[in-house]
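Asks: In UniProt numbering, the protein residues as written are 1 to 275. My questions will all concern the structure given below.
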């Protein structure tokens, strides 16, 4: 049995099928982890969502910012952007079933036996392992519960930018969401810069990629994440693995086998969506 973590699909089902052939994926033996952003911007968002859902217990899925955006649009708390490719999902006969399934997915997955934690954007330097799991659960409970609309109505926004244990209410939930699904750069105190989105060398003064700071996670814990295509899969950190290699932008789709940390990828140059 093998466990493969796959980076941002963003509606690129055809490359995913090719990648599964390359790794000789066997549904009865292997497990797939998906690091968020299953959909949007790519040409096959509906088919991708249906396929990953069909994997059932063989897939561990976490939510990314694009997945949350779909949920917010479906609930009437946001509108489609020009670059979105979500209309097919929103018009599908099984729309409600797909949105409800997505709403039940977590923001974080941790496997003790593999000593690996997966979130979409990473883990801020100021959080411990137990704290990360507990804080993720706070947002997950809100998404799954009857007050989901209260959260979605105020989910968007860049503030508060720095974590404090005293944060409460929707500010607290928004901060957790931003750390787990939107983070790229922060300062030594984990204060976020959510406006800079390019490569790791483009940080504003006083900021750096979140993974360059000392972590409060256990020393041997591995982090797998997506979200930041401009990294091109490179963190220069032995235990921190970036898996968004820009499939939807003409890059590649990448899978990491957790048991031996071997990486596999398939080119996606024919799948770039014109924006």
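Think of the CB as a built atom: it goes at the ideal place given N, C-alpha and C, for glycine as much as any other residue.
Around the Cβ of residue 209, are there at least 16 other Cβ atoms within 10 angstroms (buried) or fewer (exposed)?
Replies: It counts as buried.
Asks: Determine contact between the region 214 to 226 and the region 32 to 42, defined as no fewer than three beta-carbon pairs at a distance below 8 Å.
Replies: Counting Cβ pairs under 8 Å, three or more are found: they touch.
Asks: Residue range of the alpha helix (DSSP H) that residue 170 falls in?
Replies: Where residue 170 is concerned, the enclosing alpha helix (DSSP H) stretches over 169 to 181.
Asks: Would you list the one or two residues that DSSP bridges to residue 262?
Replies: DSSP output for residue 262 lists 257 as bridge partner(s).
Asks: State yes or no: is the C-beta of residue 173 within less than 8 Å of the C-beta of residue 142?
Replies: Taking 8 Å as the Cβ cut-off, residue 173 and residue 142 qualify as a contacting pair.
Asks: Taking the alpha helix (DSSP H) that residue 6 falls in, what are its first and last residues?
Replies: Here residue 6 belongs to no alpha helix (DSSP H); instead the beta strand (DSSP E) covers 3 to 6.
Asks: Residue 28: which of 158, 10, 244 and 57 sits nearest, CA to CA?
Replies: Comparing Cα positions, the closest option is 57.
Asks: Determine the closest residue to residue 1 out of 9, 30 and 24, with distance taken between C-alpha atoms.
Replies: Considering only alpha carbons, the answer is 30.
Asks: Exposed or buried, residue 181, counting other C-beta atoms within 10 Å across all chains shown (16 or more means buried)?
Replies: By the 10 Å Cβ count, residue 181 comes out buried.
Asks: List the endpoints of the continuous alpha helix (DSSP H) containing residue 139.
Replies: Looking at the DSSP string, the run of the alpha helix (DSSP H) that includes residue 139 is 129 to 144.
Asks: Tell me whether residue 210 sits in a helix, a strand or coil according to DSSP, three-state version.
Replies: Correct three-state label for residue 210: helix.
Asks: Among the residues of its own chain, which have a CB less than 7 Å from the CB of residue 101, if the five just before and after it don't count?
Replies: These residues qualify, in order along the chain: 53.
Asks: Suppose you measure from the CA of residue 109 to the CA of residue 123; what does that come to, to the nearest Å?
Replies: One C-alpha to the other measures close to 12 Å.
Asks: Measure the CB-CB distance between residue 55 and residue 39 and report whether it falls below 8 Å.
Replies: In this structure, residue 39 does not lie closer than 8 Å to residue 55 by Cβ.
Asks: Between residue 185 and residue 196, how many whole angstroms is the CB-CB distance? I'm expecting something under 8 Å.
Replies: Residue 185 to residue 196, Cβ: 5 Å. Contact.
Asks: Rounding to the nearest angstrom, what Cα-Cα distance links residue 189 and residue 26 in this structure?
Replies: Cα-Cα distance, rounded: 43 Å.
Asks: Secondary structure at residue 21, three-state DSSP: helix, strand or coil?
Replies: Three-state result, residue 21: helix.
Asks: Assuming residue 76 and residue 43 are in contact, meaning their beta carbons sit under 8 Å apart, how far apart are those beta carbons, in whole angstroms?
Replies: Incorrect: roughly 26 Å between the Cβ atoms, too far for contact.
Asks: Looking only at C-alpha atoms, which of 89, 24 and 236 sits nearest to residue 41?
Replies: Taking only the C-alpha atoms, the option nearest residue 41 is 89.
Asks: To the nearest angstrom, how far is the alpha carbon of residue 229 from that of residue 201?
Replies: Spanning the two alpha carbons is a distance of roughly 14 Å.
Asks: Based on the DSSP secondary-structure assignment, which residues constitute the bridge partners of residue 31?
Replies: Answer is 3, bridged to residue 31.
Asks: What is the residue span of the alpha helix (DSSP H) that residue 303 lies within?
Replies: There is simply no residue 303 to check, as the chain begins at 1 and stops at 275 in what is shown.
Asks: Here's the rule: buried if 16 or more other CB atoms are within 10 angstroms of the residue's CB, otherwise exposed. What is residue 176?
Replies: That one is buried.
Asks: Does residue 60 come out as helix, strand or coil in the three-state DSSP assignment?
Replies: In the structure shown, residue 60 sits in a strand (DSSP, three-state: E or B).
Asks: When every heavy atom of the ligand GTP is checked, does at least one fall within less than 7 Å of the C-beta of residue 207?
Replies: Among the ligands in the structure shown, none appear at all, so the ligand GTP cannot be discussed.
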